Structures are given as structure tokens and as C-alpha cells.
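S.K.: Attaching a single structure in C-alpha cells format; questions to follow.
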Amino acid sequence: MADYRSTIHLPVTDFPMKGNLPNREPEMQKWWDEVDIYRLVQEKRKGSPQFILHDGPPYANGDIHVGHVLNKSLKDFVVRYKSLNGFDAPYVPGWDTHGLPIEHAVVTKKKVDRRTVSVVDFRNLCTEYALSFVEKQANQFKRMAIRGDFENPYITLQPEYESAQIRLFGDMARKGHIYRGMRTVYWSPTSESALAEAEIEYQEKRSASVYVKFPVQNGNGILDEENTFVVIWTTTPWTIPANLAISLNPELAYSAVQVGHEKYIVATELIEAVMKTAEVEEYEVVSTWVGRELNGIVCRHPFYDRPSPLVFGDHVTLDAGTGCVHTAPGHGEEDFAVGQRYGLEALCPVDGRGVFTAQAPGFEGMFYEDGNKKVSELLEEQGLLLKLSFIKHQYPHDWRTKKPIIYRATEQWFASIDGFRQEMLDEIKDVEWLPAWGEVRLGNMIADRGDWCISRQRTWGVPIPIFYCQDCTEPHINDETINFIANLFAKEGSTSWYAKDVSDLMPADQKCSKCGCADFRKETDIMDVWFDSGSSHFAVLAQRDDLSFPADLYIEGSDQYRGWFNSSLSTSVATTGKAPYKQVVSHGYVLDGEGRKMSKSIGNVVDPNKVANQYGADILRLWVSSVDYQSDVRISDPLIKQVAEVYRKLRNTFRFLLGNLADFDPAENRVRYDQLTELDRYVLSKLQGLIKTVTHGYDTYDFHQVYGSIHTFCTVFLSQFYLDVLKDILYVEETDSLQRRSAQTVMYEILRALDVMISPIIPHTAEEVWKYIPGLREQSVQLADFPVMDGTLCDQTLEDKWDRFLDIRSVVLKALEQARAEKLIGNSLGATIEIVPNLESAQLLANLDNLHQLFIVSGVEVLPASSEVPADQKVEVIVHVAEGEKCNRCWTLSPTVGTHSYSKHQELCERCASIVEKEYPDFETEAE
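Residues in the sequence shown are numbered from 279 upward in steps of one, following my numbering.
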């Protein structure tokens, strides 16, 4: 038997079947670096309309995690797509490099004794540490195929950045938005610094729950002084040494409750709940008043010889407790506000480390949390502890150290949000938010937020550029000092603030505006790191020639509504009156496969660097595109394996297309549209629909739609239908037959379009494919143009016709599968089929040629239409074993094998014999 394989156009390509991504991707990245692909892309799009995605700076501390990969990949999808789609879309990566975590890392990991190192030397060590992780993370991001200007990133410790930040601060100060004042602020004893709202996260905490009796000292003619107590409830017993008052609501009802020989004053509506909690079964309500009627009554502090008067505030509610609120102006925001109205001291007997001072006699030197037990014991001794229990509740924690915070009254620098709150709310309405609830979320935060505490009692950061008069302590800041400091920082960086004397930090002849003194000291606090990153719209967008303000898009995690989205909006509106972004997209968190937060202690952390080294960065990026990122997303090894299987199918599709275009030269062999077969015109029309869907997906940042539509097109429409039915045409028909070249023409269009469309998601693979596509001019797929839907190639009538045929084909395939299961046939080429159509299907089938190729069988007979065939079934199918012999070339069973006139090729069917005779006239000699 002769071997006819040399006469068949089997797929031929050097494009590897296996991706081998862990090894092949670094080679591709090396080539990108050699040709400087970022520069080439930017040069191609120079002068085009700009699209600016502004990078929210990750913190330069540690290796990247899978959350970074989600965030950076989403950004990279956008930037790559916009560049392909004709935009000048620069991407400047950024890093946030100041703050406590780096200070802590230098002390613990570098074994630096903070007490023996000068501020300048310590800041230099912090700089070195931060820059080492900038470099490390940059390499890791590039390993994930994040394309950007990594040679010229923005870093918040850069002198030019710090200089711009100082100018922005000065602008806010000049407009009256910066002030210094005594306020109760979030304070982290573990960080020894004030915190902003954006630096707070809530975690469950076990706290003492105490009901305390405050003896009435002066009943003001309303209450008896003897054995009468106002009962308060608190979960922070350690703050009782700072108690200066008890707050009531002037409009609520309060009652005196007789319990034995004592009377307790509590809110009337809470009596039953309080008595139940205190395990008091017998009690009697003896008197009731409206809150304001209790004005002038004074209690005595439980263990200090000082008064605790009744005061009034709307913050007192019936949600919990007794309706009588323990008030310590130095340890609570609402307490502080009440204290200001009543002229109470903001007593704060706890220092920055969370340790009691001498202002809390009996507790000095004790850590505040240890004070809970000591206070409770002292109250018990005094007979004033009504009830002690413990509760679990959500409590604010320092988001860096993960430790509880306290409220502490201190002098701090603030940005007055009231000065531009309404402007921010108006600007939010003009921004496009995705998800749409982002507008409401940020709007509510802005509407409810208090003034922004921007000072931090740390060393590693941008110093607050303010001086104080040595005589009268008046803060000193003006345009001259701001310009001087900004110019200095631009040359020498902000560490110069600590290296130089005050006289070298300001222009000559500066005098205090209040007293005329010329002697000053400098501020020692630094700015909140959110002020650092929140200044990037001015320090980066407004300063760089290749960027512009405002940005078209910010993309960050949903935690940034209280972080970067918020701080950037605040500083931008305060200085320009405009939001720094036109669109904001937020994404969820990355959880493990069971929906749990990743934790080293649980052992469920997915390391993206390990995943890239095992599976490839393209697999990680494909995973990103596959998830609904607007919600929390999951990742695990089984999920990665599922994505890797999808990748394998996509790669096989590309390989099949390349392999069957080995002898196709688009310049020579392309077939005009009007000469394409009807099937190919149908597929070309379908391709336009795919281009439209994918374009819409990218335009709306719906990458899951991009992933899903391309995946379905490749694995269902192409692999299970179009490419499957083409095999007979591609392999068997004459090399230059119209039918074969028509198919190759459309396959070529599909290949080019698919490769460009998928390239933002799996750039390594797309680049690899690009190098094998014939007839291309562009050096890289990244320099190509994104395909545009061609309306002239869309034919809805044709699509409707062939879509209906696919419904019929699915019925036929089920019948063939059943025949195979019953051992009637082996593969489908061993069958011939009879089709009994209904009337509608009969008309359709009568207008189609080569049905045996479309059904991949050896023969098809369409019988007369029958009205008994149900409309939803379309056709009835009868499967027969094909008659005749198997063709040694096309493998169909045909009666023409051995019966035709081509004597040299009796092993072949008549079609194959004629093709071989024509195209391979010397085959017989070769075979012998």
C-alpha cells in the first residue's frame, strides 16, 4: 500500500505545542528589553490622543503578592489595549516609600539601634531599604509582563516629588485649608503616632464591659445626694481616670430606679435591659424626668476627688448602655466636642506609647490596656462596680501594625475638609465610577468625614514645612518659605530639613507675623503618607511632559475609597477645584479557593512568583481576566490548573491556525471577499461580532467578557465546528483550490485578529504567535493596530442561516455519538447518514453544498421533508455504516475507491485520485 502522506497538506509549523512558559517568557522579556518595546510603542503613538492611567503607588516593602498581580494586570490590560487602539497611553509606575513599616523594617531587619543613629543617618538607611524594594518589585512586575516606563518611575522619596508635595501643601495653606489645633485623634501606641481615618481598619476585639456607679455629689434640689448614683457603661475602663463629665441627651426620659437602699439614674427606656444585665431582679421606678431637667447636677469621680457634672449632647442614644455616657474629652471625638462646649479640659493622661502619665495618679507607668483590670479592681474596692463582663465587638486597629488604637487629644496639623467638602461632592458626580456604587461609597465618606489629621510623629517622611516663633510659638509659613524649601528639596531632598540649621531652611530676614521675632524652630512632625501619595496628581501628572492632568483612569482595590481615591480627591479639589480622575475602577480582594483571607499562619498564601515559575505569568494574567474582579476573587492551585487547561486550548487553536497557513502568502493567495465560500463569509461575519464584543469588553473594562468571548469562540465555534469541518478541505483539496485558499484567507484574518485581541492578556504567547504569522510588517504584536469591526463584512442574514444549520448539526452529532456508543461505527467517517428534515430545515439544507464535509461523514442523503419532525428537533437522523472502501488519502469510505479511471491510484477515492494525478504526476515513481 502506497504512503500518500506526502500528498496531504498536513499542518506544518515550528510554533511549539507546549508553552513552556516558565522558560520561554524570560527569553521574550529579554528581547523586549533589547528592542526597548515600551519606547517603540510610545514612538508609534506619539501625537495620538492621550489616555492616561495613573498608577496608584504600591508600598515598597516586601515581595509582590497576588493582590499586586491582580491590580497591575488590570492596569496593563487597559494600557496595552489603549495603545493598540490608537492612543498614546504611557504608563509610569509609582512607589510609595515613606512611613512606619520601613522605619520598623530598618530597625528590626537591619538591626539598627534607633537611639544611637542620627536622624539623617537613619533616613538614609530608610532610603536605601525602600529603593532596594523598588528595584525588587520592579523586576517582579516586569516578570509578570507589566509594560511601563520602569526606567523613569515616580517614587515618593524622589527630590522632585517631595518638592512638588511641598508646593501643594503650601498652596493648601495659602488657601486656608491647613491649620493646627487640639483635637482628639486616632492614635496608635504601637506606631507612636496619630493616624488618619484611611489608616484604620476594624477587627474583632475582646473588651471589658463595665457598668459604673458615679455618686451624686450635688443633686441641685432634684436628686438626693445620699446613695444616689448615675450609672454609666463603657468598654474602655482605662479611660475612667480621664473622666470629667457624664453626658445625657436633653430630650430623652431618665428615671430613678430604687434597688435596695440605692437609687440608679438611667434612661427610662433602658431600665429593663440594664437591670437584666446587672442581674437585678427586684427594682422600682420612683421618679422620671426629661434629660434637660437634670441640668446642674454634679457627680463625684469614682476614685478621684474631682467633680463629674452632667452635661448634654445629641450623641447620646438608646442603642446600648444606660443613656448616661462616660465623658473623657481627651479620649473621644464626641467627648472632646462636648468638652469644648462646656469648657472642660481635654485631659489625656496617656502618652504616645500608650502609658499612663502622672495625670492619672495610681496608674502612672502602666500600659493603658493593663489599666482596664486595675480600674475594675479599684471600682470593686470602692463598691462602685455594678457589673463587669466581657464582649467581642468590632474595634478600630492600626492597619499597619494590626494593633488596637486609642483616641487621644493632642495638638496636630489638619486639613480642613469643610473648606472644600461641597466641591468634592460636586466633583464626585462628574466622575464615572465602576462599579457604580463607588460614587455613593466615596460620596458618603466625604460627606461624613471630619477634618484630616495630616501630621505624624515619625521620622521617615516628608517634613511639615512650618516653623515656630521661639518667643510666642506662632506657626510661621508663607510663600517665600514654601518656595525656599521646595527649591531646596528639589536639589537635596527632604532629609536636608534634618541636616541643616533653621537659618539654612528659610530665606533671610524672616520675622514672626505676630511678635516680630526673627528666631525660629522647625516642625518635627512629618506628613501623613496618604498626603504623600495623594499629591501624585500634582507631583507626577502635572509635572511630566508625557502625562497630563486630570488622569483618565485610576484603578485600585476597593480599600482605596478610604485611601488613595480619597486623599487624591481631597488635595486635588483643595488646590485645583477639580477631581484628579475622570474614571475610577475598583476591584476586590484576592481570597483562597475556599473564600478565606490569605494568611501565612493558615498557610494558604499563593505566591505569584512561584506560580509564574511553575505555570507562567501568562497563566496568572489569564486568571485575572477570567474573574469578576469587581467582587472578591479566589485563587488556588486547582483554579490555576483550570486556567492552564484553557490556555492549552487557546494555544492549540493558534497552533492549528499557524500550521494550516504554512503555504499561505497573504500577498499572493488571499481570496477576495466576493469569491469566498458561503461558509467562510459566515465565519468572517462571526469574527466581526467577536471583534465588537471584545472591543466593548475592553472599552468597559469588562475583561471577563473578553476572556469568555475569545475562549468560547476558539474552543467551541472554531475547534468544534469551523476548523473541524475545514480539515478535509485544508488537508485533501488541491493546494490552490478556491475552497482551500478561501478557508486560509479567513483563517489568516482570524489568526491576526485573535492574536492582537488576546495580546493585552497573554502578551508573551501573543508575541510568540506573532513571530510565526506570515506576511506581517510590524516587529511586534504590541506595535499592531487593534482590529476594527468591518460592517461591510457583517451579514446577519447569512449568520441566521448558518446559526440554524448549527442547530441541525448538533442533532446530527448526537445521532453519530449514539451510533458510536452502540458500536455501529468507529469514527464519523465510517458513516453515511439519511436526514429527514422538517419543512423549514429542508429549505435550509437544500441551499447548502458539501454536507458530508460539514457533518464530517462519508455521505449524506436528505430525504423529503416531513411534517412529523418536531420544530425543536429540526431533523431526524438515520445512521448507516458507509458503503465502499476506505480511501487511503482522505479516509472517507467511498464506492469510488478502486472503481474510477485513475489506474495508478486505485487505493484512493475518485476525488483524491484526480488531485494526486494532477498535483503529483510522479507520485507512483516516488512511492516505488
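Cβ coordinates follow ideal geometry from the N, Cα and C atoms, glycine included. The structure displayed is predicted, hence computed values, not measured ones.
Just to confirm, is the Cβ distance from Thr1043 to Leu1107 under 7 Å?
M.R.: For the purposes of this step, residue 1043 is taken as the residue at position 765 of the sequence shown. For the purposes of this step, residue 1107 is taken as the residue at position 829 of the sequence shown. Not closer than 7 Å, so no.
S.K.: If we count the other Cβ atoms within 10 Å of its Cβ and call it buried at 16 or more, is Asn1116 buried or exposed?
M.R.: Looking up residue 1116 in the sequence shown gives position 838. When all chains shown are included, Asn1116 counts as buried.
S.K.: So, is Leu1016 buried or exposed, given that buried needs 16 or more other C-beta atoms within 10 angstroms?
M.R.: As a first step, residue 1016 must be located in the sequence shown, where it is residue number 738. With fewer than 16 other Cβ atoms within 10 Å, it is exposed.
S.K.: In its own chain, which residues sit with a C-beta less than 6 Å from the C-beta of Ile755, not counting the 5 before and 5 after it?
M.R.: For the purposes of this step, residue 755 is taken as the residue at position 477 of the sequence shown. Answer for Ile755: Ala451, Ile744, listed in chain order.
S.K.: Got a sec? Which residues, its chain only, sit under 7 Å from Phe428 by beta carbon, not counting five neighbours each side?
M.R.: The residue labelled residue 428 in the question sits at position 150 within the sequence shown. For Phe428, where only same-chain residues beyond five positions count, the Cβ hits under 7 Å are Pro371, Ala416, Lys420.
S.K.: According to DSSP, is His1130 helix, strand or coil?
M.R.: Against the sequence shown, residue 1130 aligns to sequence position 852. If DSSP states are grouped into helix, strand and coil, His1130 belongs with the helices.
S.K.: In terms of residue numbering, what span does the beta strand (DSSP E) encompassing Cys747 cover?
M.R.: Within the sequence shown, residue 747 is the residue found at index 469, counting from 1. Counting along the chain, the beta strand (DSSP E) containing Cys747 begins and ends at 745-747.
S.K.: What are the boundary residues of the beta strand (DSSP E) that includes His671?
M.R.: Mapped onto the sequence shown, residue 671 falls at position 393. Segment 663-676, the beta strand (DSSP E) holding His671.
S.K.: For Pro300, does the three-state DSSP call read helix, strand or coil?
M.R.: Translated into the one-based positions of the sequence shown, residue 300 becomes position 22. Reduced to three states, the DSSP call for Pro300 is helix.
S.K.: Can you tell me whether Ala1149 is helix, strand or coil according to DSSP?
M.R.: The residue given as residue 1149 occupies position 871 in the sequence shown. Coil, per DSSP.
S.K.: When burial is assigned at 16 or more other CB atoms within 10 Å of the CB, is Gly661 buried or exposed?
M.R.: Here the question's residue 661 lines up with position 383 in the sequence shown. Burial call: exposed.
S.K.: Over the uninterrupted beta strand (DSSP E) stretch that includes Pro585, give me the two end residues.
M.R.: The count along the sequence shown starts at 1 and reaches residue 585 at position 307. Residues 585-590.
S.K.: Can you tell which of Lys970, Val1114, Leu409 has the C-alpha that lies nearest to the C-alpha of Pro1065?
M.R.: The sequence position of residue 1065 within the sequence shown is 787, counting from 1. Answer by Cα proximity: Lys970.
S.K.: Below 6 Å CB to CB, which residues in the same chain sit around Glu801 once its five sequence neighbours on both sides are set aside?
M.R.: Counting from 1 along the sequence shown, the entry for residue 801 is found at position 523. Result list for Glu801: Ile742, Ile744, in chain order.
S.K.: I'd like to know whether the C-beta atoms of Cys731 and Phe767 end up nearer to each other than 7 Å.
M.R.: Start at 1 with the first residue of the sequence shown, and residue 731 comes out as number 453. Start at 1 with the first residue of the sequence shown, and residue 767 comes out as number 489. Cβ atoms of Cys731 and Phe767: not closer than 7 Å.
S.K.: Can you find the residues in the same chain that come closer than 6 Å, C-beta to C-beta, to Ala367, ignoring five residues on each side of it along the sequence?
M.R.: Taking the first residue of the sequence shown as 1, we reach residue 367 at position 89. Here the set comprises Phe329, Val357, Lys360, Ser361.
S.K.: May I have the straight-line CA-CA distance separating Gly697 from Gly721, to the nearest angstrom?
M.R.: Start at 1 with the first residue of the sequence shown, and residue 697 comes out as number 419. Start at 1 with the first residue of the sequence shown, and residue 721 comes out as number 443. In a straight line, the C-alpha of Gly697 is about 16 Å away from that of Gly721.
S.K.: In three-state terms, what does DSSP make of Glu1163?
M.R.: Taking the first residue of the sequence shown as position 1, residue 1163 is located at position 885. Correct three-state label for Glu1163: strand.
S.K.: So the candidates are Glu923, Phe809, Met784, Val807; which of them puts its Cα closest to the Cα of Asp797?
M.R.: Working through the sequence shown from its first residue, we reach residue 797 at position 519. Here the closest residue by C-alpha is Met784.
S.K.: Find the nearest neighbour of Ala725 within the set Asp708, Trp715, Leu703, judged by alpha-carbon distance.
M.R.: Mapped onto the sequence shown, residue 725 falls at position 447. The residue with the shortest Cα to Cα distance from Ala725 is Leu703.
S.K.: Under the three-state reduction of DSSP, which class applies to Pro1115: helix, strand or coil?
M.R.: Position 837 of the sequence shown, counting from 1, holds the residue named residue 1115. In this structure, Pro1115 counts as strand in the three-state DSSP scheme.
S.K.: Determine the extent of the alpha helix (DSSP H) in which Asn761 is found, giving its start and end residues.
M.R.: Within the sequence shown, residue 761 is the residue found at index 483, counting from 1. It spans 757-770 - the alpha helix (DSSP H) in which Asn761 sits, taken as one unbroken run.
S.K.: Alpha carbon to alpha carbon, what distance is there between Gly621 and Glu655?
M.R.: Counting from one through the sequence shown, the residue named residue 655 turns up at place 377. Counting from one through the sequence shown, the residue named residue 621 turns up at place 343. Distance between the alpha carbons of Glu655 and Gly621 is about 31 Å.
S.K.: If we require 4 or more residues per run, which alpha helix (DSSP H) segments fall completely within the stretch 830-905?
M.R.: Counting whole runs of 4 or more residues, the stretch 830-905 contains the alpha helix (DSSP H) stretches 842-854, 886-892, 895-904.
S.K.: Can you list, in chain order, the residues of its chain with a C-beta nearer than 6 Å to that of Gln983? Leave out the 5 residues immediately preceding and following it.
M.R.: Translated into positions along the sequence shown, residue 983 becomes position 705. Hits under 6 Å: Gly975.
S.K.: Can you tell which of Phe809, Glu1188, Val397, Ser1181 has the C-alpha that lies nearest to the C-alpha of Val1175?
M.R.: Sequence index remark: in the sequence shown, residue 1175 carries index 897 (1-based). Checking every option, the nearest Cα to that of Val1175 belongs to Glu1188.
S.K.: For Lys964, is the classification buried or exposed, using 16 other Cβ atoms within 10 angstroms of its Cβ as the cut-off for buried?
M.R.: Stepping through the sequence shown from its first residue, residue 964 is reached at position 686. Flag for Lys964 reads buried.
S.K.: To the nearest angstrom, how far is the alpha carbon of Ala1191 from that of Glu1154?
M.R.: Here residue 1191 is taken as the residue at index 913 of the sequence shown, counted from 1. Here residue 1154 is taken as the residue at index 876 of the sequence shown, counted from 1. Taking the straight line from one Cα to the other gives about 34 Å.
S.K.: If we ignore side chains and look at the alpha-carbon of each, how far apart do Phe400 and Leu299 end up?
M.R.: For the purposes of this step, residue 400 is identified with residue 122 of the sequence shown, where counting begins at 1. For the purposes of this step, residue 299 is identified with residue 21 of the sequence shown, where counting begins at 1. Taking the straight line from one Cα to the other gives about 43 Å.
S.K.: How long is the line joining the alpha carbons of Val535 and Ser836, rounded to whole angstroms?
M.R.: Residue 535 sits at position 257 when you count from the first residue of the sequence shown. Residue 836 sits at position 558 when you count from the first residue of the sequence shown. One C-alpha to the other measures close to 49 Å.
S.K.: Mark Ile669 as exposed unless 16 or more other C-beta atoms lie within 10 angstroms of its C-beta, in which case mark it buried.
M.R.: On the sequence shown, residue 669 is found 391 positions in, with the first residue counted as 1. Looking at its Cβ environment, which holds fewer than 16 other Cβ atoms inside 10 Å, Ile669 is exposed.
S.K.: According to DSSP, what are the bridge partners of Asp366?
M.R.: Against the sequence shown, residue 366 aligns to sequence position 88. DSSP lists Gln328 as partners of Asp366.
S.K.: Select from Glu705, Tyr561, Trp516, Gln821 the residue whose C-alpha is nearest the C-alpha of Gly640.
M.R.: Against the sequence shown, residue 640 aligns to sequence position 362. Among Glu705, Tyr561, Trp516, Gln821, the Cα nearest to that of Gly640 is on Trp516.
S.K.: Pull up the CB-CB distance for His609 and Ala520, whole angstroms please, since I reckon it's below 8 Å.
M.R.: Your numbering for residue 609 matches position 331 in the sequence shown. Your numbering for residue 520 matches position 242 in the sequence shown. With 8 Å as the limit, His609 and Ala520 qualify as a contact, their Cβ atoms being about 5 Å apart.
S.K.: Note down the Cα distance separating Glu1195 from Tyr1180, rounded to an integer number of angstroms.
M.R.: Taking the sequence shown and counting its residues from 1, one reaches residue 1195 at position 917. Taking the sequence shown and counting its residues from 1, one reaches residue 1180 at position 902. Roughly 8 Å between the two C-alpha positions.
S.K.: In angstroms, rounded to a whole number, what distance separates the CA positions of Ser733 and Ala472?
M.R.: As a first step, residue 733 must be located in the sequence shown, where it is residue number 455. As a first step, residue 472 must be located in the sequence shown, where it is residue number 194. Near 7 Å, if we compare the C-alpha coordinates of Ala472 and Ser733.
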